[in-house]
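Below: one structure, written as structure tokens.
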Amino acid sequence: MSDVANGPVLAADGTPLKKRLGQALFRSKLRAFGLVVPLLLLILMAFLAPTLVFLKRGVYNDEFAKVMVNSQPLLAAWDAKSEPSDEMFNALHADLVQSRKDKSIGRVATRVNRELSGTRSMFTSTARKAEKMEPPFKDALIDANKKWANIEVWEAMKISNKSWTPAYLANAVDLKYNADGSFERKSEERRIHIKLFVRTMEISVIVTLLGVLLGYPVAFLMSSLQARTANLLLILVLLPFWTSLLVRTTAWIALLQGEGVMNDLFVLFGLAEDQNRFSLIYNKTGSLIAMTHILLPFMILPLYSVMKTIPPTYVRAAKSMGASNWTAFWRVYFPQTIPGIGAGGILVFILAISFYITPALVGGESGTMISNFIDFHMRDSLNWSLAAAMGAVLLVIVLFLYWLYDRIVGIDNMKLG
Amino acid sequence: MKLKSLLLGAAATTLAAGATAGEITVVSWGGAYTTSQVEAYHKPWIAETGNTILSEDYNGGLAEIKSQVEAGNVTWDLVDVELSDAVLGCDEGLLEPIDPSILPAGADGTAATDDFLPGTLHECAVANIVWSTIFAYDSSKMANGPTKIGDFFDTATYPGKRGLRKGPKANLELALAADGVAAEDIYDVLSTPEGVDRAFAKLDTIKGDVVWWEAGAQPPQLLADGEVAMTTAYNGRIFNAVAAEDKPFSIVWDSQIYDLDLWVIPKGAPNKDLAMEFLAYSTATEQLAAQASYISYGPARKSSAPLVGSFHNKPDLAMGPQMPTAPENFGTAIQNDFEFWADNTDELNERFNAWLAG
């Protein structure tokens, strides 16, 4: 008897019950996992992998080292101070001849030109002549273009030669990475990224605050009205939410421009002179107005869903015990809506920080955000590595703020409904 | 001899008719410019060969070509690009080399290599037109309009907003020209740090009055809406607004900056052979001359010049004097230096963007 009591509980077929249970659980877990596999794969393949591959471009660029195979080890070993050796010139010549043949010289030239402006044509034009050159190649190269004797050109090549490089990340925060491994700030008239990161933060914070200010009363109204009226209001909130972003932005252009509806009204009511209309668009004001409007539903919906769950009896109880309207709201009602504000706030902020279509259309110069510059480097300057580095910096900022939010408010305290 | 060429022609026609009709995607700058190409190149080619053309618009630059080639998923067959992009793209291996021997001889029998204007045939590109950046104003709103590039920067005498293309290209050259630098010295001055400072200092004087445009179709619209008093623009766009829409715009040719547009074929284009055929067809003497009756861009072939007549639906509007290359327009013209821009675009873009955001 005691044997059975102390031994493991057995299932009908004699195996320990614990093991059977584990098997059953494992099978159901496997089934559940099987159900999420398609989504998991989609996220991995279509989102995570491309993101990581692209982020890698921000720190890894082998356009130079891949092509300039002869120069590569010599440049890596060079101290960036002494005169470039004859051997380095010979290697450069061999690489120029080869890269001209396989049409890769343009990429190399573009890569070095990013480090030192004006070197692009040195590479392409010298490469055209390289095949006919005769040794000694040092003199021949300098004959073709006297700038080959400049040590800055070689320094730029040494920087480009590093495939794993902090140069782009440095550029993304307005620093210059030097051949000897040091960093320095860029000259005043070329600093722009920090300014844009700060502006992006500023606009996103203001849009979030405006969202709370404007969205809170609407959500409150909806939660306190009868279901029928509330649903009608909800549709009014959702209608613009379902409308294309582009359409809403363009509508704001019609409303806000110099000869637009708003300014016409201002003139009509004597708030502005006809000759001196307000500039409400193609500047920061334009970005702020349009973005706040577009992101407002993301604030109202979580707020509304949280407010609906707060029993009205709490406020009545507070009032019955002598609280003033304000105290009842501030001490009893408001604290219960914080999860909604948190959820709405973080949604709006993270969406705002990466906005780019709206600022591109209505932001003018002063309303331009960092995403517009990432876009610029993707489509215009074709400096994808810099775009990736700027994206990485933005991602780090967002993750940091998320962490900060978690520390201060607590992520568990967020409620999406 | 005659019989032989006749037979060859007949054989070619049978071949063309025998082959199954294909489709190519041709990409250009949109608006009046694409219209001129559709009328002069696409329609006759489609009628002759039975192939179809999918016409797409873009705003210039190599970004799309680069992404398509690098992703190995090229959808464009033929693209109309600026000279600097043709050179850059060729150097970077993004474009197919083009053998000039596929180009037909001129109508007068001159070999294609001699018939094209100097510098218009490139390793990977064939030019179709010469175009120009000019500035224009609405003459119904300004009785004594500007005549010199200096007037563009003189907001005291000529009040009102100014339209400029968003980017350093052309703007820095115009700023220096307005500051008194002679056309042939512009790029020498701009190659020095002091020259760049000088150009930006000149732009500073009108910075508060500038409306920036990006697409070629915008400047005529800005002028028509009265958003700007003067604006830089591509000369053909302004001409088209005047000729086709009867807008009261005037062009100031002083210090015009002229450049080429060229056909290029992205590396790995899906219908490369057909695109080559269309490229050769569209840059023949007749087609280039026909295009010039729709828009005031100069044909890249010498043999096309004598065939240039009048605007397609206005027989009394001669196209010759509307061209950037007409002698009366060409006096102070600046040739866009693609090598300067290939070398300095990055740095000047950075500087320009910082200047703009500051």
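Quick note, the sequences are listed as chains A and B, same order. Note that my numbering has the first sequence beginning at 405, numbered continuously upward. Note that my numbering has the second sequence beginning at 1325, numbered continuously upward. Backbone N, C-alpha and C fix where the C-beta goes; we use that ideal spot for every residue, glycine too.
For the region 756–785 of chain A, the set of positions with a beta-carbon nearer than 9 Å to some beta-carbon of chain B reads Gly768, Glu769, Ser770, Thr772, Phe777, Phe780, Met782, Arg783, Asp784 and Ser785 in chain order. In the three-state reduction of the DSSP assignment, Asn1452(B) falls in the strand class.
The Cβ atoms of Thr1444(B) and Ala1451(B) sit closer than 8 Å to each other. Fully contained in the region 414–493 of chain A are the following alpha helix (DSSP H) runs of length 4 or more, in chain order: 421–447, 453–461, 467–471 and 475–481.
Under the three-state reduction of DSSP, Ser1463(B) is assigned to coil, being neither helix nor strand.
Taken in chain order, the whole alpha helix (DSSP H) runs of length 4 or more contained in the region 614–661 of chain A are 631–646 and 649–660.
When beta bridges are read from the DSSP output, Ile1658(B) appears opposite Ile1581(B).
For a cut-off of 8 Å, the C-beta gap from Pro1543(B) to Trp1537(B) is around 6 Å, short enough to register as a contact.
Counting only residues of its own chain and dropping the five nearest sequence neighbours on each side, Gly771(A) has a CB closer than 7 Å to the CB of Asn687, Lys688, Gly690, Ser691 and Pro763.
Glu588(A) does not reach chain B, its nearest Cβ partner there being about 16 Å away, counting only Cβ pairs nearer than 7 Å. In this structure, the alpha-carbon of Asn549(A) lies about 45 Å from that of Ile801(A). Neighbours of Arg681(A) in chain B, taken as residues whose beta carbon is under 7 Å from its own, are absent, since the nearest beta carbon is some 12 Å off. Residue environment analysis places Thr1481(B) among the exposed positions, since fewer than 16 neighbouring C-beta atoms fall within 10 angstroms of its C-beta.
For Val752(A), the enclosing alpha helix (DSSP H) has its first and last residue at Phe738 to Ile757. Under the three-state reduction of DSSP, Trp552(A) is assigned to helix. Secondary structure note for Tyr1558(B): it is in no alpha helix (DSSP H), and the uninterrupted beta strand (DSSP E) holding it is Met1554 to Tyr1558.
When DSSP reads this structure, Ser1634(B) sits in a beta bridge with Ala1642(B). In this structure the region 1511–1523 of chain B lies against the region 1660–1680 of chain B, because at least three pairs of beta carbons, one per stretch, are closer than 8 Å. Taking a C-beta cut-off of 9 Å against chain A, the contacting residues of the region 1491–1503 of chain B are Gly1491, listed in chain order. In this model, Gly1560(B) and Phe1459(B) are separated by some 11 Å (Cα to Cα). Cβ proximity to chain A below 7 Å picks out Gly1385 from the region 1368–1385 of chain B. DSSP links Thr1376(B) through a beta bridge to Glu1347(B). Check the Cα spacing between Thr1516(B) and each of Leu1672(B), Ile1348(B), Leu1418(B) and Ile1377(B): the tightest is with Leu1672(B). Less than 8 Å divides the Cβ of Thr612(A) from the Cβ of Val752(A).
Each residue's CA atom was taken as its position, placing Leu448(A) and Ser775(A) some 24 Å apart. With 16 or more other CB atoms across the displayed protein chains lying within 10 angstroms of its CB, Gly746(A) is buried. For Lys551(A), no chain B residue has a C-beta closer than 9 Å to its own C-beta; the minimum C-beta separation is roughly 11 Å.
Neighbours of Trp1679(B) across chain A, judged by C-beta separation under 8 Å: Glu593. Going by beta carbons, Ser1617(B) and Met1643(B) fall inside the 8 Å limit.
Contact residues of the region 498–516 of chain A toward chain B are Asp506, Lys507, Ser508, Ile509, Gly510, Arg511, Ala513 and Thr514 (C-beta to C-beta distance below 9 Å). Taking 9 Å as the Cβ-Cβ cut-off, the region 1658–1680 of chain B approaches chain A at Glu1663, Phe1664, Ala1666, Asp1667, Asn1668, Thr1669, Asp1670, Glu1671, Leu1672, Asn1673, Glu1674, Arg1675, Asn1677, Ala1678, Trp1679 and Leu1680, given in chain order. Against chain B, the CB of Gly795(A) has no partner CB under 8 Å away; the residue lies outside that interface. Between the C-alpha atoms of Ile610(A) and Phe682(A) there is a straight-line separation of about 20 Å. Annotation: Cβ neighbours of Gly1417(B) in chain A (cutoff 7 Å, chain order): Lys507, Ser508 and Gly510.
From the beta-carbon of Ser521(A), the residues of chain B found nearer than 7 Å are Asp1667, Asn1668, Asp1670 and Glu1671. The Cβ of Ala1395(B) sits no closer than 8 Å to any Cβ of chain A.
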